[in-house]
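Number of protein chains: 2
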Amino acid sequence: MERKGASGQNGAGRLSRTSVLKAALELVDEHGVEALSMRRLGQAIGRDPMSIYRYAANRQELLAGVAELVLDEVETFPDDTHWQAQLRRMAHELRRVCLLHPNAVPLLVTGPLSTPLGLRPAGTLRPLEQVLGTLIRAGFVPADALHIYRAFYGFLYGHILNELQELIADPDENEALLRLGLQRLPLRDFPHLRSLAPELLEYDGSQELDEGLTILLAGLGHQLADNEARYT
Amino acid sequence: MERKGASGQNGAGRLSRTSVLKAALELVDEHGVEALSMRRLGQAIGRDPMSIYRYAANRQELLAGVAELVLDEVETFPDDTHWQAQLRRMAHELRRVCLLHPNAVPLLVTGPLSTPLGLRPAGTLRPLEQVLGTLIRAGFVPADALHIYRAFYGFLYGHILNELQELIADPDENEALLRLGLQRLPLRDFPHLRSLAPELLEYDGSQELDEGLTILLAGLGHQLADNEARYT
DNA sequence: GCTGTAGGTCTACAGTGTAGACAAGATTAT
DNA sequence: ATAATCTTGTCTACACTGTAGACCTACAGC
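Going line by line, the protein sequences match chains A and B.
Position 146 (the first sequence) corresponds to 146 in the working numbering; numbering is contiguous.
So the mapping is simple: the working numbering equals the position in the second sequence, first residue as 1, plus 1000.
Right, dumping it as structure tokens:
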């Protein structure tokens, strides 16, 4: 008789924090956060569930680790282009990673991001510092840069959450459901909404993000021009 | 010997969906989502836990109901002011309600809002219809109005999530923690962030929201002016 | 050899969501 | 009034959860 070996890597070699977290992320990716139980994770790594506690204090800490693992996947870019292009690039990059791990996104918005700005792990703060640099170099006052950072990431996470909701497994079923859902609405109470049925059907997340960014960046450009006019 | 009567209303009168949901919301408000277990809720309403299942199919459905209950608290305004003022007003109203139920906010962003737009309960869609009307009346093309709605609420929920993270029980401890956290960062790697310590300390959510809205609305005003220039 | 420590395992406990059978009260049909 | 049905709340039971605490085993340094 042997240990089980069906799922994932068997109990070969020693464990490590990252190997445990990677297995956890895999589980979350495939079956959602709810499915990540200590016992299932133990089975996935071919070890006793209790062994996990050597690498994470408890389940919450484990989930926080998973979130950090996801955030580590977002790539950073050198600060060499126009600030607007730079922000666009960073936004799309974060979106890309989130779409790779949709089930883990709830952990990002209520997990380690649930710590106030100043207290997050250094790795998480690097993008913040970079955005601040970009904005200040573009001509914004540091204090404004901070507020802009918040507005920017607020919008970004908001968009990603929206897009993930729109994302449904079967697009055909989605279409049928949507038509049904819309017809249920009384025409006289929801005239605009019902007339927008076609637009509701073809949702393009990347384009939607871009359009939102355009609005936001236009507003920022405005603000920047005003500042410079005032100080010169 | 009697039934317990310490917590909440005792087992007087018949239950109803809303009474159950209200008790559930109270529990969430006071002790967080995790603390809302069927058994504890049963205790709070002075009934057997199983009775809850007559009013909610399962725990998820129960949480969705709680989320709807919260959303029902946001008031709506007649459509009588400038569209920008209207959007500002609605944003602050949603923020107000969310700050009243911070523990329930995660349910809003991953709960019934986790349904694609067209499939949400009619009550949830009313704000959408109203915003669409406001924007179209202001001069936007319907398709644009939809995208703007998305950008607007995306930003709004993003801001609220951010603000809730910033919200900590004890502000004094917050200040101490933040100072410590910042000093831990190497000055040469985080020059901007460390220089912003004072601004990080005084966080005013309402003002922050307003500044973000200003940026966004400025961008929108731009877009609107362009449209009208093109079509006249 | 001996000792200390880190990694992995085992058992056990209190708590979870919920299926399914049942009881009592209300409502309706006859 | 009697009988039938439906609604509401209760009870028991089951599979599953996170994790405390004792253990065991292998390797480190001396």
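Glycine residues also receive a C-beta, built at the ideal position from the N, C-alpha and C atoms.
Taking its Cβ as the centre, do 16 or more other Cβ atoms sit within 10 Å of B/E1002, making it buried, or is it exposed?
In the second sequence, the residue the question calls residue 1002 of chain B occupies position 2. At B/E1002 the pLDDT is 34, less than 50, meaning the model places this residue with poor confidence; the figure from the coordinates comes in the next sentence. The residue is exposed, with fewer than 16 neighbouring Cβ atoms inside 10 Å.
For A/Y149, name the three-state secondary structure that DSSP assigns.
As a first step, residue 149 of chain A is located in the first sequence; it is residue number 149 there, counting from the start. In the structure shown, A/Y149 sits in a helix (DSSP, three-state: H, G or I).
With 8 Å set as the bound, which would you pick, yes or no: does the beta-carbon of B/E1002 sit closer than that to a beta-carbon of chain A?
As a working note, residue 1002 of chain B is residue 2 in the second sequence. Interpretation of B/E1002 is limited by its pLDDT of 34, a score under 50 that renders its predicted location unreliable; no figure is taken from the coordinates.
Residue burial classification, B/G1212 (beta-carbon count within 10 angstroms, cutoff 16)
Locating residue 1212 of chain B in the second sequence gives position 212, where the first residue counts as 1. B/G1212 should be labelled buried.
Does the beta carbon of B/R1150 come closer than 8 Å to any beta carbon on chain A?
Counted from its first residue, the second sequence places residue 1150 of chain B at position 150. Cβ-Cβ to chain A under 8 Å: yes for B/R1150.
Close Cβ partners of A/Y203 (< 6 Å) along its chain, the five nearest in sequence each way excluded:
Numbered from its first residue, the first sequence carries residue 203 of chain A at position 203. These residues qualify, in order along the chain: E166.
When the cut-off is 8 Å and only beta carbons count, does B/S1206 lie next to chain A?
Residue numbering aside, residue 1206 of chain B sits at position 206 when the second sequence is read from its first letter. Answer no: the Cβ-Cβ gap between B/S1206 and chain A never drops below 8 Å.
Find out if the Cβ-Cβ distance for the pair A/L25, A/V70 is shorter than 8 Å.
For the purposes of this step, residue 25 of chain A is taken as residue 25 along the first sequence, with counting starting at 1. For the purposes of this step, residue 70 of chain A is taken as residue 70 along the first sequence, with counting starting at 1. A contact, by the Cβ cut-off of 8 Å.
Assigned secondary structure, A/F140 (DSSP; H/G/I helix, E/B strand, else coil)
Residue numbering aside, residue 140 of chain A sits at position 140 when the first sequence is read from its first letter. Reduced to three states, the DSSP call for A/F140 is coil.
Work out the CA separation of B/G1123 and A/P142 for me, nearest whole Å.
Indexing the first sequence from 1 puts residue 142 of chain A at position 142. Indexing the second sequence from 1 puts residue 1123 of chain B at position 123. Taking the straight line joining both Cα atoms gives about 42 Å.
Where B/I1148 and A/A44 are concerned, what is the direct C-alpha to C-alpha distance, given to the nearest angstrom?
The sequence position of residue 1148 of chain B within the second sequence is 148, counting from 1. The sequence position of residue 44 of chain A within the first sequence is 44, counting from 1. Each residue's Cα considered, the two are about 44 Å apart.
Would you call the segment 65 to 85 of chain A in contact with the segment 44 to 54 of chain A, where contact means no fewer than 3 C-beta pairs closer than 8 Å?
no
Alpha carbons only, please: which of B/H1101, B/E1061 and B/F1140 is nearest the one belonging to B/Q1084?
Translated into positions along the second sequence, residue 1084 of chain B becomes position 84. With distances taken between Cα atoms, B/Q1084 lies closest to B/F1140.
Let's see if you can read the secondary structure: which residues bound the alpha helix (DSSP H) around A/I215?
The count along the first sequence starts at 1 and reaches residue 215 of chain A at position 215. First-last of the alpha helix (DSSP H) with A/I215: G205 to R230.
Spatial neighbours of B/G1133 within its chain, please: C-beta separation below 7 Å, excluding the five flanking residues on both sides.
Against the second sequence, residue 1133 of chain B aligns to sequence position 133. Taken in chain order, the residues that qualify are D1079.
Please state whether the Cβ-Cβ distance between B/V1109 and B/L1161 is less than 8 Å.
Your numbering for residue 1109 of chain B matches position 109 in the second sequence. Your numbering for residue 1161 of chain B matches position 161 in the second sequence. Cβ distance < 8 Å, so B/V1109 and B/L1161 count as in contact.
Using alpha carbons as the reference points, say which of A/H31, A/E61 and A/R14 lies closest to A/D48.
One-based indexing of the first sequence puts residue 48 of chain A at position 48. The shortest C-alpha separation from A/D48 is found at A/R14.
So, are the CB atoms of A/E68 and A/V97 less than 8 Å apart?
Position 68 of the first sequence, counted from the first residue, corresponds to residue 68 of chain A. Position 97 of the first sequence, counted from the first residue, corresponds to residue 97 of chain A. Contact: no.
A/H222 versus B/E1034: straight-line alpha-carbon distance, rounded
Numbered from 1 along the first sequence, position 222 holds the residue referred to as residue 222 of chain A. Numbered from 1 along the second sequence, position 34 holds the residue referred to as residue 1034 of chain B. Going by the C-alpha atoms only, they are around 44 Å apart.
Which same chain residues end up closer than 8 Å to B/S1007 when comparing Cβ atoms and leaving out the 5 residues on each side of it in sequence?
Indexing the second sequence from 1 puts residue 1007 of chain B at position 7. Since pLDDT at B/S1007 reaches only 34, below the 50 mark, its modelled position is unreliable, and the value read off the structure follows with that caveat. Closer than 8 Å at the Cβ level, and outside the excluded window around B/S1007, lie Q1043 and A1044.
Below-8 Å beta-carbon distance, A/T124 vs any chain B residue:
If you number the first sequence from 1, residue 124 of chain A lands on position 124. Not one chain B Cβ lies under 8 Å of A/T124.
Drop a sphere of 10 angstroms on the beta-carbon of B/Q1086, count the other beta-carbons inside from all chains shown, and report buried for 16 or more, exposed for fewer.
Your numbering for residue 1086 of chain B matches position 86 in the second sequence. When all chains shown are included, B/Q1086 counts as buried.
Within the segment 1005 to 1080 of chain B, ranges of the beta strand (DSSP E) (whole runs, at least 3 residues):
none
For B/T1110, report the span of its alpha helix (DSSP H) as first-last.
Within the second sequence, the letter at position 110 stands for residue 1110 of chain B. Run containing B/T1110: V1105 to T1110, per the alpha helix (DSSP H) assignment.
How would you list, in chain order, the residues of chain B whose beta-carbon sits under 8 Å from the beta-carbon of A/G248?
Chain A is shown only over 1 to 232; residue 248 of chain A falls outside these bounds and no answer can be derived.
Taking the C-alpha atoms as reference points, what is the distance between B/Q1183 and A/A229?
On the second sequence, position 183 is the one that residue 1183 of chain B refers to. On the first sequence, position 229 is the one that residue 229 of chain A refers to. Using only the alpha carbons, I get a separation of about 36 Å.
B/P1191 (DSSP reduced to helix, strand or coil)
For this step, residue 1191 of chain B is matched to residue 191 along the second sequence. B/P1191 falls in the helix class under three-state DSSP.
Could you list which residues in chain B have their beta carbon closer than 8 Å to that of A/N103, in chain order?
Reading the first sequence from its first residue, position 103 is the one you call residue 103 of chain A. Those within 8 Å of A/N103 in chain B number zero; the least Cβ separation is about 11 Å.
Taking 8 Å as the threshold (beta carbon to beta carbon), is A/L69 in contact with chain B?
Taking the first residue of the first sequence as 1, we reach residue 69 of chain A at position 69. No, its Cβ sits nowhere closer than 8 Å to a Cβ of chain B.
One question on the structure: do B/P1116 and A/N227 come within less than 8 Å of each other, judged by their Cβ atoms?
Within the second sequence, residue 1116 of chain B is the residue found at index 116, counting from 1. Within the first sequence, residue 227 of chain A is the residue found at index 227, counting from 1. Contact: no.
Kindly indicate which three-state DSSP category A/H82 falls into: helix, strand or coil?
Against the first sequence, residue 82 of chain A aligns to sequence position 82. Note: A/H82 maps to coil in three-state DSSP.
Can you look up A/H159 in the DSSP assignment and give me helix, strand or coil?
Locating residue 159 of chain A in the first sequence gives position 159, where the first residue counts as 1. DSSP places A/H159 in helix when its eight states are reduced to three.
Below 8 Å on C-beta distance, what does B/E1211 contact in chain A?
Your numbering for residue 1211 of chain B matches position 211 in the second sequence. Within chain A, the residues near B/E1211 are H147 and A151.
For A/R88, three-class secondary structure by DSSP:
Indexing the first sequence from 1 puts residue 88 of chain A at position 88. Correct three-state label for A/R88: helix.
Can you tell me whether A/D172 is helix, strand or coil according to DSSP?
On the first sequence, position 172 is the one that residue 172 of chain A refers to. Residue state, collapsed to three classes: helix.
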